[in-house]
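Asker:
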Amino acid sequence: MGLPFTSFILQIVVLALLITVETRCGVKAANNKLFSDICKKTKNPTNCFRILNINRTTNRMSSLRSLALPCLELARFHAERTAHILKMILKTKKDIRDKEKYEACGHNYMVAEKKINEAKTMLRKRDFASARKLMEVASKVPVSCKKEIGNPPNNAFSTVNENAEIHFEIALVTVTESENEKKMFKLVF
883 MGLPFTSFIL
893 QIVVLALLIT
903 VETRCGVKAA
913 NNKLFSDICK
923 KTKNPTNCFR
933 ILNINRTTNR
943 MSSLRSLALP
953 CLELARFHAE
963 RTAHILKMIL
973 KTKKDIRDKE
983 KYEACGHNYM
993 VAEKKINEAK
1003 TMLRKRDFAS
1013 ARKLMEVASK
1023 VPVSCKKEIG
1033 NPPNNAFSTV
1043 NENAEIHFEI
1053 ALVTVTESEN
1063 EKKMFKLVF
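To convert, note that position 123 of the sequence shown is 1005 in the working numbering; the numbers rise steadily by one, no gaps.
(1) With H, G and I counted as helix, E and B as strand and the rest as coil, what does DSSP make of K969?
(2) K1015: which of M992, T1058 and V1023 sits nearest, CA to CA?
(3) First and last residue of the alpha helix (DSSP H) that includes R1014?
(4) Express the C-alpha separation of R942 and F931 in angstroms, rounding to a whole number.
(5) Rounded to whole angstroms, how far is the Cβ of L946 from the Cβ of L1005, which I believe are closer than 8 Å?
(6) I need the boundaries of the alpha helix (DSSP H) containing D980, first residue and last residue.
(7) K969 and K975 - do their beta-carbons sit closer together than 9 Å?
(8) Cβ atoms of A957 and F1050: under 9 Å apart, would you say?
(9) Give me the Cα-Cα distance between Y984 and V1025, rounded to the nearest whole angstrom.
(10) Can you list, in chain order, the residues of its chain with a C-beta nearer than 7 Å to that of V1055? Leave out the 5 residues immediately preceding and following it.
(11) What residue does the alpha helix (DSSP H) around N941 start on, and which one ends it?
(12) Comparing alpha-carbon positions, which option in N929, R1008, V1019 and E962 lies nearest K1064?
(13) Using only alpha-carbon positions, find the residue among E1047, A1013 and K1028 that is nearest to N1062.
(14) Determine the burial state of G988: buried for a count of at least 16 other Cβ atoms within 10 Å of its Cβ, exposed for fewer.
(15) How close, in whole Å, do the beta carbons of E995 and E962 come, if the pair is a contact with beta carbons under 8 Å?
(16) What do you get for I978, buried or exposed, if any count of 16 or more other CB atoms within 10 angstroms of its CB means buried?
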C-alpha cells in the first residue's frame, strides 16, 4: 500500500518540470530574438550568435540592458588575454621591428582593457553615450594591430586578435543598441 499523498506529490513534481521546461523555452525564444537582432548588426552574425548562445553568462540574458554588461566583460577578458599572448609572442621575436610592433599592440590592448573597464562603469551609471564612446576607442585596437602586424600564417596572434575583434564588436553593438533604446524610451515618455 502506497502513501496517500504519493500521486499528489508526483503530480506536483511533473507540473514543476513542465513549468520549468516551458519557461526555459520561452526564455530561449526571447534570447534567440535578442541575439539575432544584435548579431545581424555585426560583421559575422553566425559567430556572434554562436558566442552569445554558448557563453553561460550571456545565454541567460533576455534583455538588451542585461546583456550589455556581460558582453563588455567578455571583451575585457579578450583584451587582457590578447595582451598576455602578445607578451609571450614578443619574447620569441628576434627582429627589433617585429618586437616593437608586438610591444605596441600589447600596450594598445592594455589601454583597450582600461577603456572597457571604464565603459562598464559608465554602463552601470546608465551613461550609455560615454560607454559607447569608450567602446568605440577600444574597438579600434584589433583592427590597428591587424594592420600593423598583418595576418602571419599559423600564428597565435591572428587567432586571438580575431577573437578579440569579434568580442569587441559584439560589446560595441550591445552598448550602442542600449543607448538607442534609452533614446527611444525618452521619446516615448
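Glycine included, each C-beta is placed from N, C-alpha and C at the ideal position. It should be emphasised that the depicted structure is a prediction, and the values quoted were computed from it without experimental measurement.
Answerer: Let me spell this out:
(1) Here residue 969 refers to the residue found at position 87 of the sequence shown. Of the three classes helix, strand and coil, the one that applies to K969 here is helix, per DSSP.
(2) Numbered from its first residue, the sequence shown carries residue 1015 at position 133. K1015 has its Cα closest to that of T1058, out of M992, T1058 and V1023.
(3) For the purposes of this step, residue 1014 is identified with residue 132 of the sequence shown, where counting begins at 1. Its alpha helix (DSSP H) spans residues F1010 to I1031.
(4) Indexing the sequence shown from 1 puts residue 931 at position 49. Indexing the sequence shown from 1 puts residue 942 at position 60. Looking at the two C-alpha atoms, the distance is approximately 13 Å.
(5) Start at 1 with the first residue of the sequence shown, and residue 946 comes out as number 64. Start at 1 with the first residue of the sequence shown, and residue 1005 comes out as number 123. Going by Cβ atoms, the distance from L946 to L1005 rounds to 11 Å, so no, they are not a contact pair.
(6) Locating residue 980 in the sequence shown gives position 98, counting from the first residue. Per DSSP, D980 belongs to the alpha helix (DSSP H) from I978 to R1006.
(7) Residue 975 sits at position 93 when you count from the first residue of the sequence shown. Residue 969 sits at position 87 when you count from the first residue of the sequence shown. No, the pair does not count as a contact, with Cβ atoms beyond the cut-off.
(8) As a first step, residue 1050 is located in the sequence shown; it is residue number 168 there, counting from the start. As a first step, residue 957 is located in the sequence shown; it is residue number 75 there, counting from the start. The answer is yes: Cβ separation under 9 Å.
(9) Taking the first residue of the sequence shown as 1, we reach residue 984 at position 102. Taking the first residue of the sequence shown as 1, we reach residue 1025 at position 143. Approximately 14 Å, taken between the alpha carbons.
(10) Working through the sequence shown from its first residue, we reach residue 1055 at position 173. Here the set comprises I920, K923 and T924.
(11) The residue you call residue 941 lines up with position 59 of the sequence shown. Segment: none, N941 is in no alpha helix (DSSP H) and carries neither H nor E.
(12) Position 182 of the sequence shown, counted from the start, is the residue given in the question as residue 1064. Closest option to K1064, Cα to Cα, is R1008.
(13) Counting from 1 along the sequence shown, the entry for residue 1062 is found at position 180. Checking every option, the nearest Cα to that of N1062 belongs to A1013.
(14) Locating residue 988 in the sequence shown gives position 106, counting from the first residue. G988 comes out buried.
(15) Locating residue 995 in the sequence shown gives position 113, where the first residue counts as 1. Locating residue 962 in the sequence shown gives position 80, where the first residue counts as 1. The Cβ separation is near 5 Å, so the contact holds.
(16) Start at 1 with the first residue of the sequence shown, and residue 978 comes out as number 96. Exposed is the call here.
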